[in-house]
Each structure stands twice: as C-alpha cells, then as structure tokens.
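Q: Questions regarding the structure given below will be posed in turn.
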Amino acid sequence: MKTSKIFKVLGVAILAAILMAGNVQAASNKQKSPEKVVIAQFGQAKFLLYLPLYIAMEEGLFAKRGLDVSLKFAGNDDQIFAAVIGGSADFGMGDPVFTAISKEKGGPGKVVAMLITKLGFSGYTNNQDIKFISDVGQLDNLRVGSFPDPSTIYVELSQIKRNKAPNMKIVPAAFGAQLATLEAGKIDIAVDLEPTVSIAEDKGYRVVLDVEKYTQPQAITGITTTEELIKNNPERVQKVVDALQEAVTLLHDNPDVSFRTAKKLFPDLKDSVIRSALERMKTKEMYPKSVVIPDEYWQRTLQARINSGDLKKPQASTVAVDNSFAVKAAQGRAIPKK
11 MKTSKIFKVL GVAILAAILM AGNVQAASNK QKSPEKVVIA QFGQAKFLLY LPLYIAMEEG
71 LFAKRGLDVS LKFAGNDDQI FAAVIGGSAD FGMGDPVFTA ISKEKGGPGK VVAMLITKLG
131 FSGYTNNQDI KFISDVGQLD NLRVGSFPDP STIYVELSQI KRNKAPNMKI VPAAFGAQLA
191 TLEAGKIDIA VDLEPTVSIA EDKGYRVVLD VEKYTQPQAI TGITTTEELI KNNPERVQKV
251 VDALQEAVTL LHDNPDVSFR TAKKLFPDLK DSVIRSALER MKTKEMYPKS VVIPDEYWQR
311 TLQARINSGD LKKPQASTVA VDNSFAVKAA QGRAIPKK
C-alpha cells in the first residue's frame with residue numbers, strides 16, 4: 011500500500027476514534043446529570059433557623075457534589091420524620107428525636123448529622139408591665155405562645171412549667187402565627203424564631219426572654235434518613251452530610267455568606283433587621299462547628315422526651331444515631347482541597 015493511502019486510512023481511523031470518544035464522553039456527561047434529593051423541613055416556608063441548609067443550597071454546595079436538592083415543607087416535627095419513613099422525602103430536617111421514638115416502637119430511622127445545638131427562640135411582648143425574664147419562675151401566671159406539641163419548644167416550655175412555673179399557660183399556635191396571636195391579646199409573650207423576633211423588635215416590641223439561657227446544648231435539629239437509604243446509597247448520604255458540614259464551616263468563618271443567603275430568603279426585609287437577626291442567632295451559639303452528634307447532646311434530647319412522656323425509657327445513642335458520615339465530613343472531606 012502506498013504511503014499516502016496508509017496516512018489516509020489512519021486519518022479516517024483517528025477521526026472515527028475521536029468521534030467515538032466524543033460520543034462516549036457525551037453519554038458519560040448525560041449519565042452524570044444531577045441526582046435528585048428531597049429534604050423535608052419543618053413549617054410551610056423557609057426560615058432562618060435552617061440557615062446551614064439554605065447556605066448549602068444557595069452557595070452551590072449540594073450542586074458541586076452532583077445533587078439537585080428540593081425542599082418538601084412537611085409541617086410539624088413529627089410530620090417531617092413521617093415524610094422520610096413514608097418515602098416522600100429522602101431526608102428530614104427537624105427535631106431528630108423522632109428517630110428514637112420510632113426505634114422504641116420497632117420502626118426505622120437514623121440521625122446522620124446535627125445542625126442546631128441551642129434553641130434559637132426568643133420571647134417578645136407588647137405588655138409594658140412584663141420585665142426581662144431573668145428567672146423562668148417569672149413566667150408563672152403568664153400566657154406564653156408556643157409552636158404546637160410535639161415541637162421542641164413546646165416540650166422545653168412544658169419542662170419549665172413542670173419545674174419552675176406551674177401556673178404558666180402554654181398557648182400553642184401555628185408556625186408564623188405568634189405575632190398575630192400576641193396582637194390579638196391571646197398571649198402575654200410570644201416565643202418565636204428569627205427573623206420574626208427582629209421584625210417585632212423593629213416594630214417596637216420588646217424582647218424579654220432568651221430561652222436558650224435555660225437549656226443545655228442538645229441535638230435540637232438534625233438530618234434524618236432511613237437505614238434503607240444508608241444501605242442502598244451511602245454515597246448520597248455522604249454527599250448531603252459533606253455539603254452541610256461545609257455550610258456550617260462557612261457560616262462560622264464567613265459572615266457575608268450568612269447575610270447573602272438571608273437576604274435571598276427575605277429580600278423585602280430591611281438590612282438592619284436581617285443583621286440583627288443574624289447577630290442574635292450568633293450570640294445564642296445555635297450552630298455547632300461540627301455536624302457530629304455528641305453522645306451527651308443526644309442523651310439530653312432523649313431525657314427531655316422521657317420527661318414529656320414521648321419516650322418510655324433511655325436508649326443507647328447508637329440505636330438511632332449513625333455518626334459515620336458526619337465523622338468523615340468533619341475530618342476534612344466536606345471541603346475539597348484546591
């Protein structure tokens with residue numbers, strides 16, 4: 011065969027190989043489309059309490075790990091976990107104790123990360139006769155607004171009533187209705203979350219109660235899932251936990267990220283209200299630096315539910331907690347090296 015023909019044949023072969031490689035790459039890229047993940051959360055709208063979750067979404071921390079995360083607003087804390095074990099959500103973000111309650115009844119569920127360790131609740135009022143609460147005994151004979159049972163704040167207020175203020179009346183109202191309930195004269199103090207507390211303060215209401223001062227750190231909010239997902243897709247679980255660990259790290263290290271995310275959530279709020287809300291949340295030391303769930307924090311959470319009657323007896327942390335993903339995330343896997 012002449013040399014020119016050999017080069018011609020080789021050229022065709024090389025071109026074919028390039029085209030084939032391109033097709034393979036295109037097919038590979040197509041196969042790498044983002045993996046859809048549904049996270050159920052408390053309430054019916056986004057709110058600042060779950061700032062780490064929204065940072066992970068807004069800053070692309072899920073996306074860069076190949077995850078397409080959407081939220082499912084599931085109502086109260088027990089409904090969040092019901093969505094997870096019912097299969098309408100892959101993960102739940104809310105009070106993680108319902109995994110322990112499920113386990114006690116022979117059901118499924120695992121907590122794989124912790125996002126909040128102190129209550130972010132404050133109490134505000136329009137009653138000039140109510141002074142700042144320096145002792146929870148001062149709540150005796152007052153009507154205090156709360157989210158409905160079995161929410162974390164309802165349980166905590168119930169413990170205060172049981173131990174320190176037997177004549178306090180807990181008045182449950184739906185999430186988002188605290189300020190309206192106060193304005194209607196149905197309660198004396200509204201216990202609420204940010205940014206509603208700072209909005210009320212901006213309107214002239216007085217903040218008279220810091221709930222976290224009367225509680226120890228515990229597993230207030232966590233990410234829950236099922237053993238089935240952990241077994242069948244541990245990579246997905248790890249990616250979610252890694253993204254949340256990176257979000258918590260950014261929250262602590264870069265205040266601009268927190269403000270930028272909060273502004274996207276509440277574009278109509280004054281910057282001063284948003285900054286006030288973020289500063290109050292920082293002062294309360296709500297967010298841990300690691301998403302690993304300490305045994306002592308988990309046991310405090312269980313004890314609160316034993317006291318309220320939601321749990322019948324103690325259980326080892328390992329029954330409902332799987333720290334393996336959080337430990338890997340905290341060891342540096344969460345933030346890819348440049």
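Position 111, counted from 1, in the sequence shown is what our numbering calls 121; the numbers after and before it change by one each time, with no gaps.
The beta carbon of each residue, even a glycine, is placed where N, CA and C say it ideally should be.
In whole angstroms, what separates the C-alpha of Ala84 from that of Phe101?
A: In the sequence shown, residue 84 corresponds to position 74, counting from 1. In the sequence shown, residue 101 corresponds to position 91, counting from 1. One C-alpha to the other measures close to 12 angstroms.
Q: With DSSP collapsed to three states, give me the class of Lys274.
A: For the purposes of this step, residue 274 is identified with residue 264 of the sequence shown, where counting begins at 1. Three-state result, Lys274: helix.
Q: Skipping 5 residues on each side, what residues in its chain have a beta carbon closer than 7 angstroms to that of Ser318?
A: Along the sequence shown, read from residue 1 onward, the residue named residue 318 stands at position 308. Hits under 7 angstroms: Val165, Ser168.
Q: Buried or exposed: which applies to Asn173, given that a residue is buried once 16 or more other Cβ atoms fall within 10 Å of its Cβ?
A: Within the sequence shown, numbered from 1, the residue matching residue 173 stands at position 163. Asn173 is exposed by the Cβ-count criterion.
Q: Could you give the C-beta distance for Ala361 and Pro118, rounded to a whole number, given that I count them as a contact under 8 angstroms?
A: Given a span of 11 to 348 for the chain in the structure shown, any question on residue 361 remains unanswerable.
Q: For Thr259, name the three-state secondary structure that DSSP assigns.
A: In the sequence shown, residue 259 corresponds to position 249, counting from 1. Thr259 falls in the helix class under three-state DSSP.
Q: Which residue wins for smallest C-alpha separation from Pro304, given the options Asn242, Ala340, Gln148, Pro244?
A: Sequence index remark: in the sequence shown, residue 304 carries index 294 (1-based). Among Asn242, Ala340, Gln148, Pro244, the Cα nearest to that of Pro304 belongs to Ala340.
Q: Under 8 angstroms Cβ to Cβ from Pro44, same chain only, skipping five residues before and after it: list those, please.
A: Walking along the sequence shown from the start, residue 44 turns up at place 34. Closer than 8 angstroms at Cβ, skipping near neighbours: Ala73, Gly76, Leu77, Asp78.
Q: Using DSSP's beta-bridge definition, name the partner residues of Leu219.
A: If you number the sequence shown from 1, residue 219 lands on position 209. In the DSSP output, where bridge partners are listed per residue, Leu219 has Gly133.
Q: Could you pull out every residue in the same chain whose Cβ sits closer than 7 angstroms to the Cβ of Val247, ignoring the five residues on either side in sequence?
A: The residue you call residue 247 lines up with position 237 of the sequence shown. Around Val247, the same chain offers Val122, Thr235, Leu239, Ile240, Phe335 as residues with beta carbons nearer than 7 angstroms, after the five sequence neighbours per side are excluded.
Q: Which residues share a DSSP beta bridge with Lys141?
A: Mapped onto the sequence shown, residue 141 falls at position 131. The partner list for Lys141 (beta bridge, DSSP) is empty, contrary to what the question assumes.
Q: Below 9 angstroms between beta carbons: does that hold for Ala287 and Glu204?
A: Position 277 of the sequence shown, counted from the start, is the residue given in the question as residue 287. Position 194 of the sequence shown, counted from the start, is the residue given in the question as residue 204. Yes, these two residues count as a Cβ contact at 9 angstroms.
Q: Would a C-beta distance cut-off of 9 angstroms place Pro62 and Val258 closer than the cut-off?
A: Sequence index remark: in the sequence shown, residue 62 carries index 52 (1-based). Sequence index remark: in the sequence shown, residue 258 carries index 248 (1-based). Their beta carbons are under 9 angstroms apart, which means Pro62 touches Val258 by this criterion.
Q: Less than 9 angstroms separating the beta-carbons of Val221 and Ile163?
A: Taking the first residue of the sequence shown as position 1, residue 221 is located at position 211. Taking the first residue of the sequence shown as position 1, residue 163 is located at position 153. In contact: Val221 and Ile163 (Cβ atoms closer than 9 angstroms).
Q: Within this structure, are the beta carbons of Asp150 and Pro176 separated by less than 9 angstroms?
A: Here the question's residue 150 lines up with position 140 in the sequence shown. Here the question's residue 176 lines up with position 166 in the sequence shown. A contact, by the Cβ cut-off of 9 angstroms.
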